[in-house]
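Residue numbers (the working numbering), protein chains in the order written: chain A, 29 to 140; chain B, 5 to 120.
We put the CB at the ideal spot given by N, CA and C, even for glycine.
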């Protein structure tokens with residue numbers, strides 16, 4: 029069966045520090061991968077998605093970036109965090125074509 | 005533009021009572037439809053999905069949803085709510101012919117509280 033992992037589970041970082049969140053998927057090949065941010069009371073915001081290694085599409089301009097160095101690895105990064113980057117970050121995967129997405133456990137990021 | 009509306013931000017029901025969470029969508033064609041549940045501090049779990057066929061779909065944890073094309077709705081129901089159902093619920097739509105990307109559009113969620 030497929031499993032999706034995210035780490036770290038929680039993170040507290042000062043403003044201006046770098047960020048690296050990692051997501052890995054097991055038990056499937058060539059998945060679509062997604063990064064979402066969930067701010068308090070604001071639903072899910074799609075940040076990035078990827079249909080293959082090195083292929084990243086950005087949904088929202090911001091100081092975050094994403095990379096996919098391996099088929100089942102998706103990384104969310106920032107060079108300098110802002111207070112507004114605080115939130116709950118969710119990684120998800122799906123098969124190619126129409127269908128559901130499966131979510132990881134999330135990372136709670138607090139920028140102080 | 006494609007959109008999903010969950011009119012109820014917060015609902016409180018008594019344990020054992022029936023539940024209906026509303027979802028309306030705006031889409032150019034018949035979409036794929038989903039309901040997800042999120043417990044505090046956790047990821048989203050898929051409750052059920054509608055692709056085609058019978059418009060009443062059964063999901064996990066005793067939930068069901070009915071697709072009504074004429075009303076552009078996909079409401080979630082449960083006949084008897086348990087305290088463990090307290091969570092946030094998200095409706096989502098996806099394109100049938102969205103190509104490889106398979107992006108979903110999510111509603112803003114309905115927070116369910118269950119009274120003893």
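Listed by chain order, chain B residues near residue i by CB distance under 7 Å
i              : result
residue 122(A) : 106
residue 137(A) : Residues of chain B passing the Cβ test: none, with the nearest at roughly 13 Å.
residue 39(A)  : Within chain B, no residue comes near residue 39(A); the closest Cβ sits about 14 Å away, beyond 7 Å.
Bridge partners - residue i, DSSP secondary structure assignment
i              : result
residue 95(B)  : 39(B)
residue 86(B)  : Bridge partners of residue 86(B): none, in fact.
residue 101(A) : 52(A) and 98(A)
residue 13(B)  : Paired residues: none, contrary to the question.
residue 119(B) : 18(B)
residue 32(B)  : Answer is none; residue 32(B) lacks a bridge partner.
residue 79(B)  : 70(B)
residue 25(B)  : 80(B)
residue 124(A) : None; residue 124(A) has no bridge partner.
residue 135(A) : 117(A)
Under 8 Å between C-beta atoms of residue i and residue j
i              : j              : result
residue 40(B)  : residue 126(A) : no
residue 87(B)  : residue 24(B)  : no
residue 48(B)  : residue 78(B)  : no
residue 101(A) : residue 52(A)  : yes
residue 80(B)  : residue 15(B)  : no
residue 65(A)  : residue 84(A)  : no
residue 72(A)  : residue 87(A)  : no
residue 135(A) : residue 36(A)  : yes
residue 82(B)  : residue 22(B)  : yes
residue 94(A)  : residue 81(A)  : no
residue 96(B)  : residue 111(B) : yes
residue 139(A) : residue 41(A)  : yes
residue 92(B)  : residue 66(B)  : no
For residue j and residue i, believed in contact at Cβ under 8 Å, the rounded distance
i              : j              : result
residue 52(B)  : residue 42(B)  : About 15 Å; that fails the 8 Å criterion.
residue 114(A) : residue 92(A)  : Actually they do not touch by this definition, with Cβ atoms about 12 Å apart.
residue 44(A)  : residue 109(A) : 7 Å
residue 68(B)  : residue 59(B)  : Contact doesn't hold; Cβ gap of about 11 Å is too wide.
residue 38(B)  : residue 108(B) : 7 Å
residue 46(B)  : residue 133(A) : 6 Å
residue 48(A)  : residue 61(A)  : Contact flag wrong, Cβ pair sits at about 16 Å.
residue 59(A)  : residue 123(A) : 7 Å
residue 128(A) : residue 50(B)  : 5 Å
residue 74(B)  : residue 30(B)  : Contact doesn't hold; Cβ gap of about 14 Å is too wide.
Listed by chain order, chain A residues near residue i by CB distance under 7 Å
i             : result
residue 53(B) : 128
residue 32(B) : Within chain A, no residue comes near residue 32(B); the closest Cβ sits about 14 Å away, beyond 7 Å.
residue 66(B) : Under the 7 Å cutoff, chain A gives no residues; its nearest Cβ is about 19 Å from residue 66(B).
Contact set between residue i and chain A, taken where Cβ atoms lie within less than 8 Å
i             : result
residue 46(B) : 133 and 134
residue 29(B) : By Cβ distance, chain A contributes nothing, its closest Cβ being about 14 Å from residue 29(B), past 8 Å.
residue 3(B)  : For residue 3(B) there is no data in the structure shown, the boundaries of chain B being 5 and 120.
Chain B residues whose Cβ lies nearer than 8 Å to that of residue i
i              : result
residue 71(A)  : 94, 110, 111, 112 and 113
residue 118(A) : 47 and 48
residue 104(A) : Near residue 104(A) there are no residues of chain B at all, since even the closest Cβ is about 15 Å away, more than 8 Å.
Proximal chain B residues relative to residue i, where beta-carbon distance stays under 9 Å
i             : result
residue 55(A) : Ordered by position in chain B, no residue passes the 9 Å Cβ test against residue 55(A), which lies about 16 Å from the chain.
residue 49(A) : None at all; the shortest Cβ gap to chain B is about 14 Å.
beta-carbon residue i near the ligand ATP non-hydrogen atom, thresh 7 Å
i              : result
residue 108(A) : Questions concerning the ligand ATP fall outside what the structure shown contains, since it holds no ligand whatsoever.
Contacts of residue i in chain A (Cβ-Cβ under 9 Å)
i             : result
residue 63(B) : The premise fails here: residue 63(B) is roughly 12 Å from chain A at the closest Cβ pair, so nothing lies under 9 Å.
residue 99(B) : 126
Original post:
If you scan the region 31-87 of chain A from start to end, which runs of the beta strand (DSSP E) of 3 or more residues do you find wholly inside it?
Top reply: 31-35, 38-41, 47-54, 60-66, 72-80 and 83-86
Subject >> Residue ranges of each beta strand (DSSP E) within the region 36-77 of chain B, 3 or longer >> reply: 36-42, 48-54, 60-62 and 68-72
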